[in-house]
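Chains C and U supply the protein sequences, listed in that same order. Anchor point for the first sequence: position 76 equals 76 in UniProt numbering, and the numbering is continuous, going up by one each time. Anchor point for the second sequence: position 155 equals 155 in UniProt numbering, and the numbering is continuous, going up by one each time. Input: a single structure, listed below in structure tokens.
Protein chains: 2
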Amino acid sequence: MASDKRSLTLRDVSEVSGVSEMTVSRVLRNRGDVSSATREKVLKAAKDLGYVPNKIAGALASQRVNLVAVIIPSLSNMVFPEVLSGISQALEETDLQPVVGVSDYIPEKEEKVLYEMLSWRPSGVIIAGLEHTDAARAMLKASGIPVVEIMDTDGDPVDAMVGISHRRAGREMASAILDAGYRKIAFLGTKMPLDHRARKRFEGFTETLAKSGVEVCDREFYSGGSALAKGREMTKTVLDRSPEIDFIYYSNDMIGAGGLLYLLEQGIDIPGQIGLAGFNGVELLQGLPRQLATMDACRKEIGTKAAEIIAQRVAGDDPDGKVTLTPKISFGDTLKRG
Amino acid sequence: MASDKRSLTLRDVSEVSGVSEMTVSRVLRNRGDVSSATREKVLKAAKDLGYVPNKIAGALASQRVNLVAVIIPSLSNMVFPEVLSGISQALEETDLQPVVGVSDYIPEKEEKVLYEMLSWRPSGVIIAGLEHTDAARAMLKASGIPVVEIMDTDGDPVDAMVGISHRRAGREMASAILDAGYRKIAFLGTKMPLDHRARKRFEGFTETLAKSGVEVCDREFYSGGSALAKGREMTKTVLDRSPEIDFIYYSNDMIGAGGLLYLLEQGIDIPGQIGLAGFNGVELLQGLPRQLATMDACRKEIGTKAAEIIAQRVAGDDPDGKVTLTPKISFGDTLKRG
DNA sequence: CTGAAAGCGCTAACAA
DNA sequence: TTGTTAGCGCTTTCAG
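And the structure:
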């Protein structure tokens, strides 16, 4: 009854069942032909003992690891868990399993996490963004395994990429806003050096405004804290400072939702007096009093597609490695139609 | 330049640096004394080659894996990423690393995920809840590694546990509500067979109400979908059905927030006409127009404490294995003070 | 301070 | 259908 410190091995199962280790291994992996008589014996012995295979030994021997490294900036952003669920779902049809690492938007940490994960010799890597340290890129290239960079397609991938063009997303939102007649436009977002995708949206956004001779008339940035509360605060700050504003473009839906709640409380006419738009298309918006205009980031689909590419490559296929999805604006009821 | 399919080994580094594999291994792990001359040589060779150690081989040889398996029901619940961040933070001071598995609130899936993770021979397990399949319990017991069950302390752990008493949380909220004079009390929550902690809160809640001769006068359950939108819908449903209601206890803050937004739109006096309370103390609440009464689930602290217990046990210590945290009600402004 | 030998627990490849 | 033989790439142990 006293539990040995050492865990059970194939040998234990072999001895109890009176079958060779090799055959036990076959049974446990459903490989090769085994008579159902021995199969029963082995299965019973394994179950009785409570044997759990040692994948470390198995992986070393077979040179195969059914793990896919997934590296994302954050888990608290809502966006990434959804990408993950797309990945998990797609991988469930294979024998691959996702393993998640978090970089906290810090390039050096990303590099470190990547190094750790590669040292477990996964079958593939899915990593958020196209911007990485030189060392990280080098590791990805040298790894010899399929790599899919996700979320963003404005740039050159190490290998494959699946995402949307954030620059284009910014441009399209700018066009829609201009078409609706807004001209005094403010931008509220995250501190951008951290977030390349928000930066690209902003760049696309200002670029299109500039073509119509419009400039962002105020802006405000935050980092950390409750996004909803920050959206509220920043909206107040900006409106106090620049009362002429007739539109606010938020870099994500959460701060947009905070702003929306604030403006509704103030009794401001939306989208007449002030229009609003966010980004991501988060589910949360469905519970708000008004539907915030936004653009879907195609999170789940990105996850699914990326996982499929990895699975196909692992299986020896060579699928199209550059996939750009094209989300449409949803106008909700905070952005007039042009 | 053509990358070999095979990845680099210690042997490659050994050959390039002209130092034995053993010494290379020592340098790369900072183990034992190595002259700084050879250390330099080795480090340079490893870097030039872009060598990434093979942890699979290392783990097999050393019988040591610096991974801690963390099994939680969901990533989209907000609550769990926060627990995770507590775990990561605490483990950062050690050489242990968390690896996350998700059970989707399904016992059989939990069992499967546990099995997969145990087959990688982690140094410890942190798992949400005290309810598991018999097989899962057996595996945990047989694993011979430290196991911490988290979130809930109403029950018997396999090994260690860190959490709060949800029954008590339900009782305390019931007392506060009764003290404030509310009597027509409704309960809105998740379909409970899935969620033992919500169930326990509900049980504690009704138990305390019963002692004062009060019964829940209406209830409504949901599963899936946007919690905020569900909270809104369910609140409407319940109020249409039972207009006499003077208090609604929500099983989580997100649906509570949805209900709050709905009631505010309806121009209902809160907390005069109707009082509200949720559970979890999520950050999101800070951005709402009114502060929802709630109770902190101590998420981060639970994560930290659980990780510390694992770390100490791995280090050979024997820390206190049962930790019950005691959250306090925050009344916000949706619950009158008794 | 450095190296050589012997496995860790499993699976590929081959033999019976 | 089953068994045998060699490692997988690293670390432990012991010898120099």
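Ideal placement from N, C-alpha and C gives every residue a C-beta, glycine not left out.
Alpha carbon to alpha carbon, what distance is there between VAL83 of chain C and TYR222 of chain C?
-> 24 Å
Environment of ALA37 of chain U [buried if 16+ CB atoms lie within 10 Å] | exposed
If you draw a straight line from the C-alpha of PRO98 of chain U to the C-alpha of SER88 of chain U, how long is it?
-> 7 Å
What's the C-alpha gap between SER62 of chain U and ALA138 of chain U?
-> 26 Å
Selected residue, minimal CA-CA separation from SER226 of chain C, among U:VAL65, U:ARG290, U:LEU285, U:VAL52 = U:LEU285
Under 7 Å Cβ to Cβ from GLU220 of chain U, same chain only, skipping five residues before and after it: list those, please.
-> LEU188, MET234, THR237, VAL238
What does DSSP give as the partner residues of THR294 of chain C in its beta bridges?
-> C:SER330
Determine the chain U residues that contact VAL52 of chain C at a beta-carbon separation under 9 Å, and present them in chain order.
-> TYR115, LEU118, SER119, ARG121, MET139, ALA142, SER143
Pull up the DSSP beta-bridge partners for LEU188 of chain U, would you.
-> U:GLU220, U:TYR250
What whole-angstrom Cβ distance do ALA59 of chain U and GLY101 of chain U have, given they're in contact under 8 Å?
-> With a Cβ gap of about 18 Å, ALA59 of chain U and GLY101 of chain U do not count as contacting.
Please list the partners that VAL100 of chain C has in chain U, where partner means a Cβ-to-Cβ separation under 7 Å.
-> VAL100
Below 8 Å on the Cβ atoms is my guess for LEU91 of chain U versus ALA315 of chain U; work out the distance and round it to an integer in Å.
-> The Cβ separation is near 12 Å, so there is no contact.
Contained alpha helix (DSSP H) runs [length at least 4] in the region 71–111 of chain C, N- to C-terminal order = 79–91
Of all Cβ atoms in chain C, is any one closer than 8 Å to the Cβ of GLY287 of chain U?
-> yes
Note down the Cα distance separating VAL113 of chain U from ARG232 of chain U, rounded to an integer number of angstroms.
-> 34 Å
What does a CB cutoff of less than 8 Å around LEU264 of chain U pick up in its chain, not counting 5 residues either side in sequence?
-> ILE270, PRO289, ARG290
Going straight from the alpha carbon of ALA45 of chain U to that of LEU10 of chain U, what length do you get?
-> 10 Å
For VAL148 of chain C and ILE164 of chain C, believed in contact at Cβ under 8 Å, the rounded distance = Not quite, the Cβ-Cβ distance comes to about 14 Å (not below 8 Å), so this is no contact.
Residue from C:LYS322, C:GLY287, C:GLY124, C:ASN252 whose Cα sits closest to the Cα of VAL79 of chain C | C:ASN252
Identify whether ALA2 of chain C lies in helix, strand or coil by the three-state DSSP scheme.
-> Note that ALA2 of chain C scores 36 on pLDDT, short of 50, meaning its location in the model is unreliable and no value can be drawn from it.
Closest by CA to ILE71 of chain U, which one among U:PRO327, U:MET117, U:ASP318?
-> U:MET117
Every unbroken beta strand (DSSP E) inside the region 8–52 of chain C [3 residues or more] | none
Listed by chain order, chain U residues near LYS55 of chain C by CB distance under 7 Å | SER119, TRP120
Would you grab the beta carbon distance between GLY321 of chain C and ALA293 of chain C for me? Rounded to a whole angstrom, and I think it's under 8 Å.
-> 33 Å between Cβ atoms; not a contact.
Which class does ASP154 of chain C belong to by DSSP, given the choice of helix, strand or coil?
-> coil
Which chain U residues are close to SER226 of chain C, counting only those with a beta carbon under 7 Å from its beta carbon?
-> GLU283, LEU284, GLN286, GLY287
Report, in whole angstroms, the separation of the C-beta atoms of ARG168 of chain C and GLY129 of chain C, which I expect to be a contact under 8 Å.
-> Wrong, their Cβ atoms sit about 16 Å apart, outside the cutoff.
Considering only C-alpha positions, which residue in the set C:GLU40, C:LEU276, C:ASP195, C:ASP159 is nearest to VAL13 of chain C?
-> C:GLU40
Where the beta strand (DSSP E) containing LYS322 of chain U begins and where it ends | 322–325
Is the Cβ of GLY332 of chain C closer than 8 Å to any Cβ of chain U?
-> no
From ALA142 of chain C to HIS132 of chain C, what does the alpha carbon distance come to, in whole angstroms?
-> 15 Å
Let me know the secondary structure DSSP gives GLY338 of chain U once reduced to three states.
-> coil
Check whether LEU335 of chain U and CYS298 of chain U have beta carbons under 8 Å apart | no
Find the nearest neighbour of MET151 of chain C within the set C:VAL216, C:SER330, C:GLN312, C:GLU301, judged by alpha-carbon distance.
-> C:GLU301
With 16 as the cutoff for other CB atoms within 10 Å, does MET1 of chain U come out buried or exposed?
-> Residue confidence is low: MET1 of chain U scores 35 on pLDDT, short of 50, so the model does not pin down where it sits. Its coordinate-derived value is still stated next. Under this definition MET1 of chain U is an exposed residue.
Take ARG199 of chain U and list the residues in its own chain whose beta-carbon comes closer than 6 Å to its own, dropping the five residues that flank it on each side.
-> MET192
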